[in-house]
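Reviewing the structure listed below.
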Amino acid sequence: MKGNYVGQSLPRIDARTKVTGTAPYPGDFSMEGQLIMKVLFAGRPHARVVSIDTREAEQVPGCVAVFTAADVPVNEYGLQYPDQPVLCGPGGDKAGADIVRFVGDQVAVVVAETAAAAVQARELITVEYEDLPVVTDPRAALQPDAPRLHPPYPGITIHPELVYEGNIVSRHRIRRGDVDAAWANAAVIVETEYEIPGQEHAFLQPEAGLGYIDEEGRVTVVVSSQWAHEDRHEIAHALGLEEEQVRVIYPAIGGAFGGKEDMSVQIILALAAWKLRRPVKIVWSREESIVGHHKRHRVFARARWAADGEGQLLAAETKIVADAGAYTYTTNKVLGNLVLTVNGPYRIPNVKTEVLGVYTNNIPGGAFRGFGAPQGNFIAESQMNKLAEALGLDPVEFRLRNLVRAGEPMPWGKPLPDDARGLTDTLIAAAEAVGWRKSDTGWVAPRSAARPGDPPALQRGTGIALGVKNVGFSFGYQENAWAGIELRGDAEIAEARVYAASSDVGQGTRTVIRQMAAEALELPIEKVHVEATDTAITGSSGSCSASRMTFMIGNAIRGAAAAALEKWHDEERPAQADFTYLAPKTTQIDPETGYGHPNFSYGYVAVAAEIAVDTETGALHFPCLVCANDVGQAINPRMVEGQIEGGVIQGLGWATTENFIEKDGRPLTTTLSTYLIPTIADIPDEVQAIIIENAEQHGPWGARGMGEMPFIPVAAAVHHALRNATGIWYNRFPVTVERVLRGLKGK
Amino acid sequence: MRPFDYYQPESFDEAFKLLTMPDKVVMPLAGSTDLIPMVRDERWSPDIVVDIKELPGLRDIKPVAGGPGCGVCEGECLYVGAAVRMSEIARSPLVNRHWGVLAQAAGAVGHEQVRNRATLGGNMGTASPAGDTLSALLVLEAEVLIQGAGGERCIPVTKFFLGPRKTALRPGEIIVAVLLPPLPEGSAGSYERLSRRRGADLALVGVSALAVPYAGGYQWRLALCAVAPTPIRVPEAEAVLSAGHDAVSLEQAAQLALAASHPIDDVRATAAYRREMVVRLTRRALQHVVEQLEH
Ligand SMILES: Cc1cc2nc3c(=O)[nH]c(=O)nc-3n(C[C@H](O)[C@H](O)[C@H](O)COP(=O)(O)OP(=O)(O)OC[C@H]3O[C@@H](n4cnc5c(N)ncnc54)[C@H](O)[C@@H]3O)c2cc1C
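Chains as they are written, first to last, in the working numbering: chain B, 26 to 772; chain E, 762 to 1056.
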């Protein structure tokens, strides 16, 4: 549908300020009399902090305070389970808070009149460590003699999948049918070990913020993260304050991708501002950012899948060990999505899946665009491409035969909540765009012939993968979002003010909010103003994650708009209303069988990749990547294209050049000259964004979430293309130039 | 970042006064694409930086008759000022006329934004083993025009690079220009480089090859970067090629290039991979030259 504003590619409301460099990011805020904060990171992967001596540091002229564990009222933090000290060290009453468990653990914060004084004082803090044995491979951390990284779990069940047995953080299972009985009937069995890498978010703007006491006495932080009200909750908890005593404001945000879901500078800024009653500012360097925030989960997997002679899937057995790193973060939720995606959207009568999240002394694993789905998808789609090949079937044809039909159960026993037409539509659209054709006998892949001018060392290939992922918070959580609208004017509405605690991380949420509000209010868009994200003036609109902002806030806006218009017609001036949208209910999944109804909405996406491989150097080139994404309804098509292009390229980086190297718990790639994200010279010659719109029944104007989807199938499609070009399955990535070459040499 | 004082002198006198300030760490500055990251990472700590971009002649590209410094250049040399930016070198019709291998190398540095700042003199001043233009300067047998408070001197580029980040510059001296000796009609050159990513990534291996018509045949020159503490010429390979370039000698030259290389293991790549790439990139560079000769 195209409305006055919905479905229109309007310019972003922040375009001008961003292009001209005036958009205010957290690091741009300063206040009279502000102090500068620096963090002392542990810099070692596992140790007991025996003592911290800050006396010399405090003598540095200009040093105002040094805070350590003893200064944190409630020294714990964690989005899912509070297993991380805000500051590690002795002196508190929290068991295990004196241990550092990864290099980025924060040991002390220094606050000084100048940055130079803060740095000097930080160097004069003496920390006595007693090093502890380090475990960095999650498979080794499962062994009975592995060092145990956390004190025993007190045993209160928060989420059933959070088990805390030894170093096991979380466990997810799916049990359906009987895989062991199925192998005998198989025409083909494909068994593979996969090693899937972590990934650094590399958002443009490293963590930064300003903390101060506002005019109403609230400790306030101006930061850039992903859920203002959750930040407020975590700060209040650690400081032992009521949430009303804490205020969080989001200005312009320079990217997040999940990397700003967990706390980095929020609590320490609030702590210092609260204790010192002065403004405090912090800006992390790129190195601090890379060490100081979590990464995508590294995953080790073994998958054994079977199909019969008719090309029907018979069984899928998959065992996964994921590196949770030093703390829980959102591991259990990430791996919940992994377990739902690792069997694909296919009809598989016999399924046995086990997913473990395991503590190690690496940088924690956490949220990152796709939230477990990319890892699950890589395994599922690689298995599908291999099975198709083993059966001599076209991979598109093979998928179409096995896709769940409307109403058919997924491996967790319940069907997808809609007819999932998007699976077929996106698959075919992406396939056709790179040359798949339908013949009388089914779909036929394009031939990857050499092109005129190709040097002999160049080989070409085409690959494809299909993906699915949930939209919104799930597994029994009552998903909700708040929005408020205020209509001002006399006889006519002169102005509408829209309130929502969104997090515009660059995807354009605030622009979309304005378009949806103008549409719902039937007002000219010039009259609609989107207010700041500030916990002082808004309710919670939830996290900027799970591809949920447009879907959830859009629905809240529709509710708020209807209520505000009603008041307007009742002559209220100004007419004010707010509305909390509650999404359809979901359930947890059974810890033993996986049975349940975990999600209320899904997005569907397919990616096709054309690759050119220099077989002498291992260098890869991508003539074309196609992404077809069922977004339900594009509220702003151009911004959807932007998300598709960005997501596809970020996925390409994960698959190819982004090699995050940690050795014995120490990251070796802490700069953007050693950790390589794609540059403009590395992107495909062409990224084709195909927008498919099968309306989502619960979505605002039919929209479904899409921010994560384009990322998800990229790695599997690239690997399929690489296989078709070289004859090799690289089951481990990133496929760096060197790894490609090693593979070509059969090593 | 540690603060420093910044000056932009417009005369050499003024520049050398600054560059020889006693008890201060003084550094020349051109595009600052190396200097600023180094200061930020606390590896360099200048008290004063002297921006040399506005000094007379430092941004010129011009033909000059005879080498003003060494007199080695007979006939028409090309003078390339030290503060000429990579993007200008890459696009310069003058440089591309005979000395295209330098244009190619300059065009391979970093990415467009970097090339719009980075200078030839800065690449040489940094003297990174991986500096892209360095092997091209070696095969072109460039002369380096140097000036200091005590006057001007000129040395062959082969004597300029002494080690990683070590050059023949004496305290207070700056590079004014390089002089590219004339090359006869029919010369052909090629620069090949490989990095893990196409944009803004240091070369894992860089190879410059040049064939110069000589006595009815060709005199070959081959130089490598990123595989030894300094950029290196490979005279053994050159001798083999100059005796006649055919499939066998090309292969031999590639193997001799390998024998001359001592690449390292680091987070970017293993030494084993780099060694293999020396052979393959050398082969490619040579083949590209041969293709041009045959045209
Ligand atoms: C993102 C990025 C990517 C890069 N990629 C590459 C690459 O692919 N290949 C590559 O070779 N380099 C690369 N570099 C490094 C750098 O850009 C080059 O070495 C460049 O040529 C340096 O020139 P500059 O003018 O910026 O030097 P500056 O930073 O100004 O100076 C560098 C050094 O040279 C000295 N110096 C400068 N001019 C003179 C002079 N006239 N006389 C004496 N000393 C002088 C300075 O004192 C300093 O020590 C990259 C840098 C960045 C930031």
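All residues carry an ideal CB built from backbone N, CA and C; glycine is no exception. Values in this document were obtained by computation on a predicted structure and should not be read as measured data.
Buried versus exposed call for residue i [16 or more other C-beta atoms within 10 Å across all chains shown]
{"i": "P692/B", "result": "buried"}
{"i": "A137/B", "result": "buried"}
{"i": "E617/B", "result": "exposed"}
{"i": "V246/B", "result": "buried"}
{"i": "L412/B", "result": "buried"}
{"i": "Q503/B", "result": "exposed"}
{"i": "A791/E", "result": "buried"}
{"i": "G24/B", "result": "Given that chain B is displayed from residue 26 to residue 772, the structure contains no residue 24/B and the question cannot be resolved."}
{"i": "D479/B", "result": "exposed"}
{"i": "K377/B", "result": "buried"}
{"i": "M541/B", "result": "buried"}
{"i": "R804/E", "result": "exposed"}
{"i": "M781/B", "result": "Examination of residue 781/B is not possible in this model, given that chain B is present from 26 through 772 alone."}
{"i": "H859/E", "result": "buried"}
{"i": "P623/B", "result": "buried"}
Own chain residues within Cβ distance below 6 angstroms of residue i, not counting five before or after
{"i": "I124/B", "result": "R73"}
{"i": "P163/B", "result": "V346, D348, V383, T385"}
{"i": "L650/B", "result": "A634, V673, P709, V712"}
{"i": "P974/E", "result": "P945, G947"}
{"i": "A644/B", "result": "V762"}
{"i": "A142/B", "result": "V85, G87, C88"}
Rounded C-alpha distance that separates residue i from residue j
{"i": "D419/B", "j": "F758/B", "result": "25 angstroms"}
{"i": "A879/E", "j": "V870/E", "result": "8 angstroms"}
{"i": "A750/B", "j": "R1041/E", "result": "20 angstroms"}
{"i": "G32/B", "j": "G727/B", "result": "11 angstroms"}
{"i": "E81/B", "j": "T151/B", "result": "8 angstroms"}
{"i": "V811/E", "j": "E904/E", "result": "24 angstroms"}
{"i": "R1035/E", "j": "V966/E", "result": "7 angstroms"}
{"i": "L548/B", "j": "R583/B", "result": "13 angstroms"}
{"i": "A587/B", "j": "H594/B", "result": "11 angstroms"}
{"i": "Q109/B", "j": "G117/B", "result": "13 angstroms"}
{"i": "M731/B", "j": "P599/B", "result": "35 angstroms"}
{"i": "S848/E", "j": "L901/E", "result": "19 angstroms"}
{"i": "L898/E", "j": "V918/E", "result": "7 angstroms"}
{"i": "L941/E", "j": "R763/E", "result": "38 angstroms"}
{"i": "F127/B", "j": "G678/B", "result": "25 angstroms"}
{"i": "F403/B", "j": "G619/B", "result": "20 angstroms"}
{"i": "G567/B", "j": "Y768/E", "result": "52 angstroms"}
Neighbouring residues, chain C, relative to residue i (Cβ below 7 angstroms)
{"i": "V1028/E", "result": "Looking at the structure shown, chain C is missing, and the protein chains on hand are B and E."}
Beta-carbon contacts of residue i that lie in its chain and below 8 angstroms, excluding the five residues immediately before and after
{"i": "Y50/B", "result": "Q230, A233, S249, P276, A277, I278, G279"}
Same chain only: Cβ atoms within 7 angstroms of residue i, ignoring 5 sequence neighbours per side
{"i": "R302/B", "result": "I238"}
{"i": "G447/B", "result": "Y629, D655, I717, N719"}
{"i": "V697/B", "result": "At residue 697/B the sequence reads Leu, which differs from the Val that was named. Closer than 7 angstroms at the Cβ level, and outside the excluded window around L697/B, lie A227, R311."}
{"i": "V271/B", "result": "R243, V244, R257, I260, A261, A295"}
Item checked: Proximal residues, the region 938-956 of chain E versus chain B, C-beta separation under 9 angstroms -> Shown in chain order are the members of the region 938-956 of chain E whose Cβ falls below 9 angstroms from a Cβ of chain B: L955, S956.
Next item on the list: Tell me the start and end of each unbroken alpha helix (DSSP H) in the region 779-863 of chain E that is at least 4 residues and wholly inside, in chain order.
Entry: Restricted to the region 779-863 of chain E, the alpha helix (DSSP H) segments that are unbroken, complete and at least 4 residues in length are 796-801, 847-852, 854-859, listed in chain order.
Next item on the list: Give, in chain order, every residue of the region 779-803 of chain E whose Cβ lies closer than 9 angstroms to some Cβ of chain B.
Entry: From the region 779-803 of chain E, only P798, R801, D802 have a Cβ closer than 9 angstroms to chain B.
Item checked: the region 753-770 of chain B: positions lying closer than 7 angstroms to chain E by Cβ -> Answer in chain order: T761, V762, E763, L766.
Item checked: Interface residues of the region 224-245 of chain B facing chain E [CB-CB below 8 angstroms] -> Hits within the stretch: zero.
Checklist line | Where the region 354-378 of chain B meets chain E: residues whose CB sits under 8 angstroms from a CB there | finding: From the region 354-378 of chain B, no residue has a Cβ closer than 8 angstroms to chain E.
Next item on the list: Could you name the residues of the region 1005-1038 of chain E whose beta carbon sits closer than 8 angstroms to any beta carbon of chain B, in the order they occur along the chain?
Entry: Listed by position along the chain: V1028, R1029, A1030, T1031, Y1034, E1037, M1038.
Next item on the list: Pull out every residue of the region 699-728 of chain B whose Cβ sits closer than 8 angstroms to any Cβ of chain E, in chain order.
Entry: Close to chain E, meaning a Cβ-Cβ distance shorter than 8 angstroms, are the following residues of the region 699-728 of chain B: T699, L701, P703, T704, I705, A706, D707.
Checklist line | Residues of the region 857-877 of chain E with Cβ closer than 7 angstroms to any Cβ of chain B, in chain order | finding: Residues passing the 7 angstroms Cβ filter: H872.
Margin query: Tell me which residues of the region 960-973 of chain E have at least one Cβ-Cβ distance to chain B shorter than 7 angstroms, keeping chain order.
Written below: Those would be G960, A961, D962, in chain order.
Next item on the list: Run through the region 527-555 of chain B for me and flag every whole alpha helix (DSSP H) of 4 or more residues, listed as ranges in chain order.
Entry: Counting only runs of at least 4 residues, the region 527-555 of chain B fully encloses the following alpha helix (DSSP H) elements, listed from N- to C-terminal order: 534-546.
Check: In the region 563-576 of chain B, which residues sit with their C-beta less than 9 angstroms from some C-beta in chain E, listed in chain order?
Finding: Under the 9 angstroms Cβ criterion, the region 563-576 of chain B contributes no residue.
Check: Of all the beta strand (DSSP E) runs that stay within the bounds of the region 210-252 of chain B, which reach a length of 3 or more residues?
Finding: For secondary structure counted as the beta strand (DSSP E) over 3 or more consecutive residues, the region 210-252 of chain B holds these complete runs in sequence order: 213-221, 233-238, 244-248.
Next item on the list: Output, in sequence order along the chain, the residues in the region 1041-1054 of chain E whose CB is closer than 7 angstroms to any CB in chain B.
Entry: Those would be R1041, in chain order.
Margin query: Using a Cβ-Cβ cutoff of 7 angstroms, what residues of the region 663-684 of chain B are near chain E? List them in chain order.
Written below: For the region 663-684 of chain B, the beta-carbon criterion of a distance under 7 angstroms to any beta-carbon of chain E is satisfied by T682.
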